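In the order they appear, the protein sequences are chains P and D. Read left to right, the first sequence gives residues 1 to 183 (the working numbering). Read left to right, the second sequence gives residues 1001 to 1091 (the working numbering). Ideal placement from N, C-alpha and C gives every residue a C-beta, glycine not left out. All figures in this text were calculated on a predicted structure; none of them were measured in a lab. Here's the structure, in structure tokens; my notes come after.
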Amino acid sequence: MLARNIVLALPTRGKGIPPDYDKALIWHQKAAEQGYAESENEIGLMFEKGRGVAQDDIAAFAWFEKAAEQGYPAAQYRLGAMYQMGEGTDQDYDKALTWQHAAAERGFMNAQYSLGVLYLHGDLIEPDYPQVAYWFEAAAQQGDGEAQRYLGYMYEHGYGVDQDSDLARFWYEKAAEQGFPQE
Amino acid sequence: MHAQYDLALAYADSLGVEQSDAQAALWYERAAKNGHIDAQFNLATLYRTGGNGVPQDWGKAIQWFQAAAEQGDAGAQYSLGLTYERQGYTA
């Protein structure tokens, strides 16, 4: 049996039918009752942004946690960010690192970038330049412009990597193409 | 209805026939009306994005996601929720 043609492309602005968040929430809850991680994550987002519900970080955290524990990378990333910021939960850098690692190791680009930043200046964490370079490189390879710029800087100055002017120029150019010029 | 669904997939993915979103929609709809969940889901997805000869139609996308969702398909429930969040946007 052939697979479904699942197409869930990111939207761009189109015709003016307003969102119906009440109905969206009803159906996401039904899917969530069946343990569908994507919908758990989506309900988390609705609470985080206050879409169709009162903004509620504690509820958002709880929904992201459900999805994250099922291995859904987007939710692991957001859960890590909430632990990092102390939103909806007590601030906890160890847990922030754990969840960003979980998402980053599954290839989630935003988590790879966040992990680079955490290792760079995570306040309670000693800077670890090889780790910073490793995760910025992972995100840069997937097209993250800011990670490309930072990686260029690390190659330029030899932070966490062997100094390499060619690679520095390469990543600076990649970043500039995406609107992140060398500072 | 499985034969109808398989024929729709053949048109959608050009398996042995010339690719045609319009023909895919036609056969998805026949299977969908017989209650085939994956046909309902794929037809809804086609209407949500629009295809070659199949204009985007949020109303029909919602109708067919809902048909699958009411049969308890969690993926369709998720997609229906997402469609209500994003209707008016074009993919």
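Query	Result
Cutoff 8 angstroms: residue 8 of chain P Cβ touching any chain D Cβ	Legend: pLDDT at residue 8 of chain P = 48, less than 50; position of this residue unreliable, no value from coordinates given.
Outcome for residue 1004 of chain D when other beta-carbon atoms lying within 10 angstroms are tallied against a minimum of 16	buried
Beta carbon of residue 1051 of chain D nearer than 8 angstroms to that of residue 1021 of chain D	yes
Contact with chain P by residue 1004 of chain D, beta-carbon distance below 8 angstroms	no
Sequence-distant residues of the same chain with beta carbon closer than 8 angstroms to residue 49 of chain P, five excluded per side	55
Among D:1024, D:1073, D:1002, nearest to residue 1011 of chain D - alpha-carbon criterion	D:1024
CB contact check: residue 72 of chain P to chain D, cutoff 8 angstroms	no
Opposing strand residues paired with residue 1054 of chain D [DSSP bridges]	D:1051
8 angstroms Cβ cutoff, residue 34 of chain P in contact with chain D	yes
Backbone CA spacing between residue 141 of chain P and residue 148 of chain P [nearest angstrom]	8 angstroms
Listed by chain order, chain P residues near residue 1016 of chain D by CB distance under 8 angstroms	Chain P residues near residue 1016 of chain D: none, gap ~13 angstroms exceeds 8 angstroms.
Nearest-angstrom Cα separation, counted from residue 1015 of chain D out to residue 1002 of chain D	16 angstroms
Test: residue 1027 of chain D CB closer than 8 angstroms to a CB of chain P	no
Min CB distance residue 18 of chain P to chain D below 8 angstroms	yes
9 angstroms Cβ cut-off: residues of chain D touching residue 42 of chain P	1078, 1081, 1082, 1085
Proximal residues of chain D, C-beta to C-beta of residue 23 of chain P below 7 angstroms	1084
Cutoff 8 angstroms: residue 1035 of chain D Cβ touching any chain P Cβ	no
For residue 130 of chain P, three-class secondary structure by DSSP	helix
Same chain, Cβ closer than 6 angstroms to residue 103 of chain P, five either side skipped, listed in chain order	73, 76, 77, 111
Rounded C-alpha distance that separates residue 44 of chain P from residue 178 of chain P	30 angstroms
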